[in-house]
Amino acid sequence: MHRSTDTGSLVCVVVGGNAMKFTLKIWAVVLAGLAPLSQACAWGSEGHEMVGAIADELLVNTEAGRQVRTILGYNLSEAAKWADCIRSIKKEDDFELDHAPSGECKQFAPPAEQDRMENYVERNWSNCASRPPGGCHTEYHFADVDIRRDGYSRQFIGTGPTDIVVAINSAVLVLQGKPPLERISIKDRKEAILLIAHFVGDIHQPLHVGSVYLNEKGELVDPDALPKQAWALSKINRDYHTRGGNSLVFSSGQKLHGVWDSISWNHDKLAPFVARAKAVPPTQAQVDMLAALWASESVKLSRRAFDGLEFSDKGDDHKWRISASDPGAYKTKVDEIQKAQVAKAGARLAELLQQIWPE
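Residue numbers are given in this note's numbering: position 226 of the sequence shown equals residue 235, and the series is strictly consecutive.
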């Protein structure tokens, strides 16, 4: 399940643990297992902001761009951070923010925006069977499909009625004037755009969709080969589930999921990413198929995230220690994939919205 970590103004989505932030200077230290790191968010707020900013550029002078701006009142670059900015809202606090959003979340400081955040979390807190401690809405950010599958399918372990594909499709339905799917509550078009702007970024982070399942010796287990019975599902979650890489830990304490969430490269210049996004070919599918196709891409891509890693036995803390056989090469691979996926996510966000509002 996702858990939340309060980092001040922006609260982060992670799978089963705390995400952590790197800078380029300490990457080698992390992979060598010499020092723990500070905390940050999925793609980082900078990454999600980049995805939204790329889409903003691609939607200039389009009907979709005009509709989005009218409905939101601000840009996608701001909207893309919303689904992480709600993390500090808890049931035990009566679903109330203890202070006005600031920093990366300052766009949502007006009272009406705060009310929207609180209302969304309350509506999406207990509307799932698993009842995760951070609320059911935390499950909307991910799936955990075994990397040996050919793609995403609801028949696979690690998917369900509140996974990221269902969440995106639910938001699409609301933009089409229809009710959302199954258990997810989305009250209006603005809320739908806020969610889509974030989840399209998440679905392009490989470890938000693909995962490995391991036994106590660090050997691969196929969760879909086990009986689809309650006892087996419980055993998978208890004994084999690596939670999108958050139960895979370098000796430094850095989680694999955090490695892929955290951007260490220079992200100040948007133009090269916009150019790269313009070269992304259309998905060539109707809008209700886009999320599943993108998730399938990420399942396949996630295999590269695990390639070059060595798994040790499961520890008493229910986590597996890992190491990279070539830390430098692994870091280069992460950077290259991240850059490509951020650009692709921006292109796909624009593509989805243009399918909703064509010219």
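All C-beta atoms in this analysis are idealised placements derived from N, C-alpha and C, irrespective of residue type, glycine included.
Computed from a predicted model, the values in this text were never measured in an experiment.
### Message
Quick check on the burial criterion: 16 or more other C-beta atoms within 10 angstroms. Buried or exposed for Q350?
### Response
Position 341 of the sequence shown, counted from the first residue, corresponds to residue 350. Classification of Q350: buried, given that the 10 Å Cβ count is 16 or more.
### Task
Tell me whether the beta-carbon of A92 lies closer than 8 Å to the beta-carbon of L203.
Counting from one through the sequence shown, the residue named residue 92 turns up at place 83. Counting from one through the sequence shown, the residue named residue 203 turns up at place 194. Taking 8 Å as the Cβ cut-off, A92 and L203 qualify as a contacting pair.
### Where the alpha helix (DSSP H) containing D248 begins and where it ends
On the sequence shown, position 239 is the one that residue 248 refers to. Where D248 is concerned, there is no enclosing alpha helix (DSSP H), given that its DSSP letter is neither H nor E.
### Task
Taking R125 as part of the alpha helix (DSSP H), name the residues at either end of that continuous run.
Residue numbering aside, residue 125 sits at position 116 when the sequence shown is read from its first letter. Counting along the chain, the alpha helix (DSSP H) containing R125 begins and ends at 120-132.
### Message
Let me check understanding here. Comparing Cα to Cα, which of L235, A88, H217, L265 lies closest to Y339?
### Response
The residue you call residue 339 lines up with position 330 of the sequence shown. Closest option to Y339, Cα to Cα, is L265.
### Cα-Cα separation, E127 to E105
Looking up residue 127 in the sequence shown gives position 118. Looking up residue 105 in the sequence shown gives position 96. Whole-angstrom Cα-Cα distance: 6 Å.
### Message
Once DSSP output is grouped into helix, strand and coil, what is the label at K328?
### Response
Walking along the sequence shown from the start, residue 328 turns up at place 319. Three-state DSSP puts K328 in coil, outside helix and strand.
#### Entry: Under the three-state DSSP convention, the category L106 falls into
Working through the sequence shown from its first residue, we reach residue 106 at position 97. Coil.
### Task
Specify whether the segment 77-87 and the segment 52-66 touch according to this definition: at least 3 beta carbon pairs, one from each stretch, less than 8 Å apart.
yes
### Task
Specify whether the segment 293-308 and the segment 144-159 touch according to this definition: at least 3 beta carbon pairs, one from each stretch, less than 8 Å apart.
yes
### Task
Use the C-beta contact count for G337: other C-beta atoms within 10 angstroms, 16 or more gives buried, fewer gives exposed.
For this step, residue 337 is matched to residue 328 along the sequence shown. The residue is exposed, with fewer than 16 neighbouring Cβ atoms inside 10 Å.
### Message
Threshold first: 3 residues or longer. Then list the beta strand (DSSP E) segments lying entirely within the segment 253-323, N to C.
### Response
The segment 253-323 contains these whole beta strand (DSSP E) runs: 318-323.
### Query
Between L318 and chain B, is there a C-beta pair that is closer than 8 Å?
Absent from the structure is chain B; it holds one protein chain and no more.
### Query
When the distance is taken between beta carbons, is L302 closer than 8 Å to D314?
Locating residue 314 in the sequence shown gives position 305, where the first residue counts as 1. Locating residue 302 in the sequence shown gives position 293, where the first residue counts as 1. According to the sequence shown, residue 314 is Ala rather than Asp. No.
### Message
Quick test of your reading: E368 and E72, contact by CB under 8 Å. State the CB separation rounded to the nearest angstrom.
### Response
Start at 1 with the first residue of the sequence shown, and residue 368 comes out as number 359. Start at 1 with the first residue of the sequence shown, and residue 72 comes out as number 63. So it is a contact: roughly 5 Å between Cβ atoms.
### Message
How far does the alpha helix (DSSP H) with W366 in it extend, from its first residue to its last?
### Response
Position 357 of the sequence shown, counted from the start, is the residue given in the question as residue 366. Bounds of any alpha helix (DSSP H) do not take in W366, whose DSSP letter is neither H nor E.
#### Entry: N- and C-terminal bounds of the alpha helix (DSSP H) containing L81
In the sequence shown, counting from the first residue as 1, residue 81 sits at position 72. 72-81 is the span of the alpha helix (DSSP H), which, as asked, contains L81.
### Closest residue to H327 among S179, L257, W134 (Cα-Cα distance)
Counted from its first residue, the sequence shown places residue 327 at position 318. Here the closest residue by C-alpha is L257.
### Task
Tell me, please, whether the segment 167-176 touches the segment 140-150 by the rule of three or more beta-carbon pairs shorter than 8 Å.
yes
### Query
Which of the three DSSP states, helix, strand or coil, is assigned to A152?
As a first step, residue 152 is located in the sequence shown; it is residue number 143 there, counting from the start. If DSSP states are grouped into helix, strand and coil, A152 belongs with coil.
### Task
Take the Cβ of V69 as the centre, count every other Cβ of all protein chains shown within 10 Å, and call the residue buried at 16 or more, exposed below.
For the purposes of this step, residue 69 is identified with residue 60 of the sequence shown, where counting begins at 1. Under this definition V69 is an exposed residue.
### Query
With a Cβ-Cβ cutoff of 8 Å, do L229 and V221 count as a contact?
Numbered from its first residue, the sequence shown carries residue 229 at position 220. Numbered from its first residue, the sequence shown carries residue 221 at position 212. Going by C-beta atoms, L229 is nearer than 8 Å to V221.
### Query
In angstroms, rounded to a whole number, what distance separates the CA positions of K90 and R125?
Mapped onto the sequence shown, residue 90 falls at position 81. Mapped onto the sequence shown, residue 125 falls at position 116. Their backbone Cα atoms lie some 14 Å apart in a straight line.
### Query
Using a Cβ-Cβ cut-off of 8 Å (strictly less than) and excluding sequence neighbours within five positions of W274, which residues of its own chain qualify?
Position 265 of the sequence shown, counting from 1, holds the residue named residue 274. Cβ neighbours of W274 beyond the five flanking positions: L33, D344, Q347, K348.
### Task
Classify A356 as helix, strand or coil using the three-state DSSP reduction.
Working through the sequence shown from its first residue, we reach residue 356 at position 347. Three-state DSSP puts A356 in a helix.
#### Entry: Boundaries (first-last residue) of the alpha helix (DSSP H) holding C94
What you label residue 94 is simply residue 85 of the sequence shown in a count that begins at 1. Here the alpha helix (DSSP H) through C94 covers 91-94.
### Query
Do A206 and V183 have their C-beta atoms within less than 8 Å of each other?
For the purposes of this step, residue 206 is taken as the residue at position 197 of the sequence shown. For the purposes of this step, residue 183 is taken as the residue at position 174 of the sequence shown. No; because the gap between Cβ atoms is not below 8 Å, this pair is not in contact.
### Task
On the DSSP bridge assignment, give the partners of A333 in chain order.
The count along the sequence shown starts at 1 and reaches residue 333 at position 324. L318, per the DSSP bridge assignment.
### Task
Sort out for me which residues DSSP pairs S220 with in a bridge.
As a working mapping, residue 220 is identified with position 211 in the sequence shown. For S220, which the question treats as bridged, DSSP gives the partners D155.
### Message
Does the distance between the C-beta of K342 and the nearest non-hydrogen atom of the ligand PLP fall short of 7 Å?
### Response
The ligand PLP is not among the ligands present in this structure, which contains no ligands whatsoever.
### Message
With distance defined between alpha-carbon atoms, name the residue in R192, D197, S334 nearest to L318.
### Response
Translated into the one-based positions of the sequence shown, residue 318 becomes position 309. The candidate whose alpha carbon is nearest that of L318 is S334.
### Query
Since F117 is in the alpha helix (DSSP H), which residue starts that stretch and which ends it?
For the purposes of this step, residue 117 is identified with residue 108 of the sequence shown, where counting begins at 1. Where F117 is concerned, there is no enclosing alpha helix (DSSP H), given that its DSSP letter is neither H nor E.
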